[in-house]
Amino acid sequence: WSAAGDTLRIRMEGDLQTLDPAFMIGGIEDVMMRGIYVSLNRLGDLRQGSPWSLWGAEKLKLKDPKTIAFTLIDGLKWSNGLGPVTAEDVKFSYERIADPKLSSPWAYQFEKLDRVEVVDARSGIIHLKDPYQPIFVTSLPYYGGHIISRAGTEKAGGKFTTEPPATCGPYLFSDWQQKQKVTLTANPDWPGPKPDFGKVEIYVVADDQAAQLAYEADAFDYTKIAISATKAVKAKPPANTSLIEAQSTRYVWLTINMLSPRLKDRKVRQAVQYGVDVGQILTGVYDDLTKRSTGVVQPGTKFARPSNLIAAPDYEKSAALLAEAGVSDLSLTLTVMNDSIRTATAQIIQASLEQAGIKVEIQPYDEAAFWGVGDKTQGDGYKNIDLALMDFAGGVDPSENLVWFRPDQIGAYNWSGFDSPEFETGYQQLVAESDEAKRIALSNRMEDLMEQSGGFVFICHQPLVAIHKTAFEPVIYPDGHPNPVLFKKTA
Amino acid sequence: MLAYAVKRIGLGLLILVLVMVAMYAAVFLVPGDPATVALGPRATPELKRLLIERMGLDQPVWWQIVEFFRNALTGNLGYDVWSNRPVSTLVMEALPNTLILGLTALAVALLIGVPLGCLSVMRRGTAADAAIGVLSVGVIAVPSFVVAIYSLLLFAVTLRWLPAIGAGEAGDLFSQARALVMPAAAIALGWIGYIARMVRASMMEVMGEPHIRTARSFGLPEWKIVSKYALRIAIIPTISLVAVGLGSILSSAVFVEAVFARPGIGKLITDAVSTRNYPVVMGTVLIMTAIYVSITIAADLLIARLDPRVRDVFRG
Amino acid sequence: MMSSVAEASPITPDRQRLVLLRALLAAPFTRVALILVAGFLVTAIFAPWLAPYSPVKIDVLHKLQPPSAEHWFGTDHLGRDLLSRVIYGARTALTIAMVSVAIAGAIGLLLGLIAGYGPRWLDAILVLAFDSMNSLPMIMFALAIITVLGAGTGTLIIVIAATSFPSYARLIRAQTLALKNSDYILAERLLDASAARIIFIHLLPNVVGPLIILLSMDIPVVIMVEAGLSFLGLGVRPPTPSWGSILYDGYTSIRSAPFMVIFGGLPLVLATLGFTFLGEGLRDYLDPRLQLRRPA
Amino acid sequence: MSPLLAVEDLSVSFVRSSLLDRLINPFPLPGFNVVDGVTLSLMPAETLGLVGESGSGKTTLARTILGLIRAAAGRIVFEGRDVQTPADFRAMRRRSAMMFQDPVASLSPRLRVGTLLTEPQVIQGLPMPDRRAAAKALLALVGLPASFVDRFPHELSGGQARRVGVARALAMKPHLLLADEPTAGLDVSVQGDVLNLIGELKRELGFAAMIVTHNLAMIRHVSDRLAIMYLGRLVETGPTQEVFSAPLHPYTATLIRSEPIPDPRRRSHKPAVTGEIPSVFRRPSGCEFHTRCPLVQSRCKTEAPVYRPMGAGRMVRCHFPLQTGGQEREAVSRASANQRGN
Amino acid sequence: MSGALAASGLSVRYETPHGSVHALRHVDIEAHPGEVIGIVGESGCGKSTLVTALANLLPANARIDGSIRYNGVDLAKLDAHRQRLLRGDEIALVGQDPMTAFNPVLTIGDQLVDFQHHRKDLSRAQKRARIAAMLGRVGIADAERRMRSYPHELSGGMRQRVAIAAALLTDPGLLIADEPTTALDVTMEAQIIHLLRELRRDYNGIIIVVSHHLGVIAELCDRVYVMYAGEVVEGGEVDAIFHDPRHPYTQALLACDPARFHERLDRLPTIPGALPSLTQPPVGCVYAPRCGRGFAPCKTVAPPLVKLTACHAARCHAVTS
Ligand SMILES: Nc1ncnc2c1ncn2[C@@H]1O[C@H](COP(=O)(O)OP(=O)(O)OP(=O)(O)O)[C@@H](O)[C@H]1O
Ligand SMILES: Nc1ncnc2c1ncn2[C@@H]1O[C@H](COP(=O)(O)OP(=O)(O)OP(=O)(O)O)[C@@H](O)[C@H]1O
Ligand SMILES: [Mg+2]
Ligand SMILES: [Mg+2]
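Okay, here's the thing in structure tokens:
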């Protein structure tokens, strides 16, 4: 019934859609895939800075910036009697996802992959087109890095969704009740270290309030909770419960669109930058559970920029800039998704810009419609956005977060219309560079460019709050989702 | 009777077609695509296109509609854009939960609401009537999520009598029934008030009719007059109301289903709409409309059973 | 000429109306309902004078404060005064409800009359359209309208009006059908009255009474629909206060600050009581079957 | 002199099956004739009484004549012209008027008496400098106080509403008045009032009237001719006095005998007729009255009698009219002797 | 069981938003077993109010004064439960409108079984057998099938006969028929009158027949009360009322009936003037404003009930015994 036993019950916000790593949708499915598939390496808990370590490989080495050698651990075996897991399978998995013909959304993770060379049954060499430092933390331990069975997949016609032809991870996918529950049971053939729990039940509960109540009613052992509930839980935690407070990789910023006719003038954009009181957002929306971000890179990590250029609101400066630009009665719309956190943030932005003399009207959209607003394939609407409150789930490596602001992303995800050649070259250098100091300098410079353009107000990286039974210690990946395989019972 | 049935079914089919046409028009208007919703910035243009093609949205709208109905005729409602599972399977997994929930809630609401309505008619003008009135109208306005959350707190967290979430273990009727209690109650509460009020109103009307005076003039006891002579007639408008209500319960149970994490049609359809998973939207709407239409037909037949005057119209 | 019939009763229409009002006020429930409704209307109209604070003044340092002398209803998740928001929310809620119900009522009235009095084929088409509208899923419909028109109070009113007019139209149609062959309509046809004249002068005033009652009883229902749409994020544009959005905001902090749901929900409950009992009172006194009998 | 109104072989049927029914069902229910083969005529300034029991189709016939219900067969001739198209009916309606069975219900309930009274003129587009004054003049004409202009129909008593109905009907000086049960639901005294009023106006304006009723006691005083209807068919017509003194059709005879007499000394001891009134839905075979006729013969059950002239402007639909054969006369007098008391 | 009925000083007023409607004022009537009493008067004069008061079925807005003694018991003093027990057992009421008197969704048989609920000694089958017998007596053929019919499947005349049968089933001591034939056609009216007359022969209770149709009253009743504007203005043996009416109203009423004239009249006789308002009834004689023979005290002093013979009385200043 509880974590003290052999069953671990964790709650996720949504149901799985597909178990094909190439097409999986979100972290939710990855939680299951982390159990049923194997990747060459794995990450540690984000609170420890997510260090990577070996997992499905007994050896994984960067031989030179463009070649990585690996050897699979011995005894990995496919379910369904498809034999041992081989380097051939690794080659198939990586090259499949990188193949543009497959149109995998995750292809970019293997953008730099040239090919995988099979050396023998268990070892091979990954050849990159260009040096790509981040591969160990961005690609290999995640979805894209999960190894699937070549024989099985080919037999299934090259694609599958919810019924993987074969798995090889520590758990077997044993039961699925749609939109309710997924059950994983220990794989008896798993050669690696035996996970602490023989059975993992993953419950689908979309609503945070309900999930917290269900946790308190002992329906599961691990759940994320609403940010707004954190204070109360901290003050009076449920019995035998620990609270996890961390920063997720999801970064939030305010887009100021320089393509908008109202914001063509950089001074006007800067006026907006000076007019947003981020501190109020942190307090009002995030209960001060998170710090202000200095860019898209998570604060407190080594790549983080030391500080924002405009670190505090300055309404006078803002007004002065407007006057300088000869603009009065500035009235802007703020495009925002319609959930409670985002609209609360928008309202604070609205209120603080009001103080700077800028009128803001909030325009909420449902998620799907929101993305359509800035999509150039839907027409010229993207040039008309004034302000947009945006957030992306980022990665560990700065390149993963900076990639969306390249010039070619204008009209896709770069809603600021930020078009900087220096940023583009910087990006190319950043992914090729292996020297960490240089990479830090590069990424900081790129964030400076962003801020100077007047196109961005960096707000924060969203906090991650979860509660779990003290009987075990969870491991959470930087994407905010747990890896149940690595949960450790506390003695 | 047969002619009537054929006519009603024909009309029902027409409604289905119209609803689906309207749905396709809405899809045409509503922006957004599943890939972007699901993947945000990771959605590549190629993938978007792939999914749009998979959903057939690149075809002319009229063609999509024709295709949809052609497939629907063969029992194929399309495929989930991501998992590629047949929509009919998705619906069939969610539908029983919702139907059971909706029917239980309605049954509870009727079992409590109708007697309450009768009681307030029998005690009309007294404090009991007033109390029932205020309670039943007041309860209509209490949002079901409030009921849901507080009953969760009480019965699941504090007392631990009932499971907090889910629809119960598959195949275990007892656990399913236990899981049904709170969500059904949360939905039923407002309906109790609504039905009590409705029954009272139509009963008051009936009580003024001459045949009630006839029954009185024969000294029949008041409870018998209310429960047999008046209720048979007064319940008729309530049936139409409940029929329409069941339709709306099925799709509006979303909040309650969300709080109790019960997989159901309401959630299926809202999720599908918000993720622009159009095949699921279309298939589900088709089935829900068909159910809605059938419920109204069933209600009409039930009314015909209860009211011989109407019955004769059908015979004719 | 002939023996003229003496005037039997001195009841003038105006006096009758007065009498009606007095009768309406005599029923205790209706009196309370009238007070409630009037109270809400006054609150809505005089919100700026009644509200102690600005409803949009954010004060993140004092968010989710429980009720106190300073903030009678406490503060919301952004530190705004809840009482002020509830007061201004009455304005939004009542505006949306009354305007959308009025629009839906007007459309329903017109289409219902046309369906009921017009030719059979037109009736068939309209009824089919009403039924189809009724079975359309609200969210999809709301989304479609909202994306075309943009979120906001106006759109919300359109969404609600568009989804609720079919049931009014059906009611009016049924009534029109019942009246269509009534003697006075036949009499008018014999006088060669045009269809428009019959519809607007003779049918309309006779079907509109029950509709108004129904509309008044539907006002709280619409307020709840607005609340429901707020939940789906399709409600009014923030930071406009509305009872629906207050409830929605309250839900997210229902554990830590239950007073938000309570104070957000209470006016809704009271408004429901007020409008429902007012409608019922009106019905009891206006229903032709209960029409005050003319004393001999 | 040519008749003002002639109705020839008029039938009205209410179709019971809908269009869709007929599409689907190869054997649809036949429509049933509520009015069946009615032939009658009305001279200018004449008063015709149309008498029959409830449901015999009197109202339907009157409404059909004015085109409110479409006839299934037959011809309507008004002032010598065939009335066929809607335009014909409209022209006819301008020269005729109708009083409805229910006086209050035929007045639009939300309009005031003043408005109602002047509606005909407004619709016809007649110039009317002062609507209120015109209404008051009309009220005076029918003997109602001028203050009634502001009343609503439901504030009128039955008799008062009747008077308003008369004023409305006669406002346009019609040539023909169709009065459907003009005294139903009225007390005897008020009934007298209304009939006297109609009679007086008739003498003044010279219109012809068809008065539909089932009140024999009343109609004998106001009509020149009588038409008796049974189950949608005319069974007898003739001058009023003659019909009353010597009815030809057994049904007419029973009707006259059934009327209770307000004199306790002349109680009738047996009902003149027994049995239920059949419905038009299931019209009896042969003569439709055979199920209740005291003089029924076997021929009556199978063969439908034709409507034939009996001299002196009388018509009858009966195989064995009461005056003709000696045998029948005897039978009837015997029957009468049994049924009349004292 | 049957006994005498006597109402004395009976007044009923209805409270309405317009004020009180004095629908019945100081009415005295009596009836003895075996008698058929007629109540006649113009529409709205309070006939239904009177008999409804007798059956204790007045609507909620009615206020009643005076006493109704049935079989020596004052009905007004009984509690609600005892009154209910009396209804449908001792007192039965046949309503004005046969079309709406029965519940439309229950079969005739079902309702008639329920109406015999006082007969706890009978089984359901026995009750049905009684119904069948009674339906036969009121001239409804095929009783078994009719019991399974719904009200709308019967014609108006049949429904009225079923209503009478229902009343008779309870063996009432007092049978009230409020306008039993008004809604029917002449031929059917004659049939119902005949039926009631037949029933009288072996029925030993009181029958009260209400009608505004003088012919019906003349055909059926032993004694008649004439009502005008809420008052009984004259009462007496049927022959006396029709052949020796004393009250000017009775005389005028009889004179107005066109059925009394066999020769065609050019002008029908009428009573000039209109009914007085029952909200503010005249202080003096209610008929004074319309009375041709009125003299000074009529307008101010309410006339006394003048006893003319043993059972003939009129409320008029002009009559003398
Ligand atoms: N619109 C209609 N549809 C179907 N049947 C109808 C319709 N109108 C009348 N009838 C039927 O036609 C028959 C004749 O009706 P009508 O009203 O003409 O009779 P009536 O002689 O005027 O009777 P009454 O004396 O009761 O007014 C009745 O059986 C009635 O039920
Ligand atoms: N419930 C009531 N409330 C108010 N007034 C009423 C009520 N019932 C009857 N009246 C009035 O009381 C008076 C007497 O009505 P009642 O029904 O007794 O007359 P009636 O002689 O039976 O008339 P009718 O011949 O039309 O049946 C009428 O003026 C009527 O309007
Ligand atoms: Mg008629
Ligand atoms: Mg009466």
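Chains as they are written, first to last, in the working numbering: chain A, 290 to 780; chain B, 8 to 323; chain C, 252 to 547; chain D, 2 to 343; chain E, 649 to 969.
Beta carbons: idealized from backbone N, C-alpha and C, even for Gly.
All figures in this text were calculated on a predicted structure; none of them were measured in a lab.
Of all residues in the region 262-278 of chain D, only ILE262, PRO263, ASP264, PRO265, ARG266, ARG267, ARG268, SER269, HIS270, LYS271, PRO272, ALA273, VAL274, THR275, GLY276, GLU277, ILE278 come within less than 9 Å of chain E when Cβ atoms are compared, listed by chain position. In this chain, A/PRO550 is not harboured by any beta strand (DSSP E), its DSSP state being neither H nor E.
The count of Cβ pairs closer than 8 Å, one atom from the region 320-337 of chain C and one from the region 460-468 of chain C, stays below three, leaving the stretches out of contact. Within a 10 Å sphere around the beta-carbon of A/LYS352 sit fewer than 16 other beta-carbons, which makes this residue exposed. Classified as buried, C/PHE280 has 16 or more neighbouring CB atoms from the shown chains inside 10 Å of its CB. Separation of the CB atoms of A/GLN636 and A/ILE651 is rounded to 7 Å, and the pair is thereby assigned contact status at 8 Å. With a cutoff of 8 Å on beta-carbon distance, A/ASP378 and A/ARG439 are scored as near each other. For A/PRO653, the pairing in a beta bridge is given by DSSP as A/VAL625. Remark: the C-beta of D/GLN102 is in contact range of ligand 1, defined as less than 7 Å to any heavy atom. C/TRP323 carries a coil assignment under DSSP once its states are collapsed to helix, strand and coil. Using beta-carbon distances, E/VAL886 counts as an interface residue toward chain D, with a partner under 8 Å.
Rounded to whole angstroms, the separation of the alpha carbons of E/HIS729 and E/ASN719 is 18 Å.
The three-state reading of DSSP puts D/ARG267 in helix, counting H, G and I together. With its beta carbon at least 8 Å from every one in chain B, C/SER496 lies outside the interface. One thing to note: A/LEU548 has its Cβ no nearer than 8 Å to the Cβ of A/LEU678. Contact between B/ALA33 and C/MET391 holds: CB atoms are separated by about 5 Å, below the 8 Å threshold. In its chain, beyond the 5 residues on either side, ILE139, ALA203 have a beta carbon closer than 6 Å to the beta carbon of B/LEU123. Residue contact check for C/THR281 against chain B: no CB pair falls below 8 Å. A straight line joining the alpha-carbon of D/LEU6 with that of D/GLY166 spans about 22 Å.
Taking 8 Å as the upper bound on Cβ-Cβ separation, chain C lies near residues PHE101, GLN102, ASP103, ALA106, SER107, LEU108, SER109, PRO110, ARG111, LEU112, ARG113, GLU120, PRO121, ILE124, GLN125 of the region 101-129 of chain D. Screening all residues for a C-beta within a distance smaller than 6 Å of any heavy atom in ligand 1 leaves D/PHE15, D/VAL35, D/GLY53, D/SER55, D/GLY56, D/SER57, D/GLY58, D/LYS59, D/THR60, D/THR61, D/GLN102, D/HIS215, D/VAL281, in chain order. Per the Cβ contact rule, the region 575-582 of chain A is in contact with the region 509-517 of chain A (3 or more Cβ pairs under 8 Å).
Look at C/SER415: its C-beta is not under 8 Å from any C-beta on chain B.
The alpha-carbon of A/GLU490 is positioned some 28 Å away from that of B/ARG49. Against chain C, the CB of B/THR81 has no partner CB under 8 Å away; the residue lies outside that interface. Along the region 144-165 of chain B, the positions whose C-beta sits under 7 Å from a C-beta of chain A are ILE156, LEU159, LEU160, ALA163, VAL164, read in chain order. A heavy atom of ligand 3 is found nearer than 7 Å to the CB of D/GLU182. Closer than 8 Å at the C-beta level to chain C, one finds these residues of the region 648-659 of chain A: GLU650, ILE651, GLN652, PRO653, TYR654, ASP655, ALA658. The beta carbon of A/PRO420 lies closer than 7 Å to those of PRO354, LYS355, ALA721, SER723 in the same chain, with the five residues before and after it left out.
Linking A/TYR431 to A/PRO710 through their CA atoms gives a straight-line distance of about 31 Å. A/ARG404 sits in a strand when the DSSP states are folded into three classes. As the crow flies, the alpha-carbon of D/THR255 is around 22 Å from that of D/ALA313.
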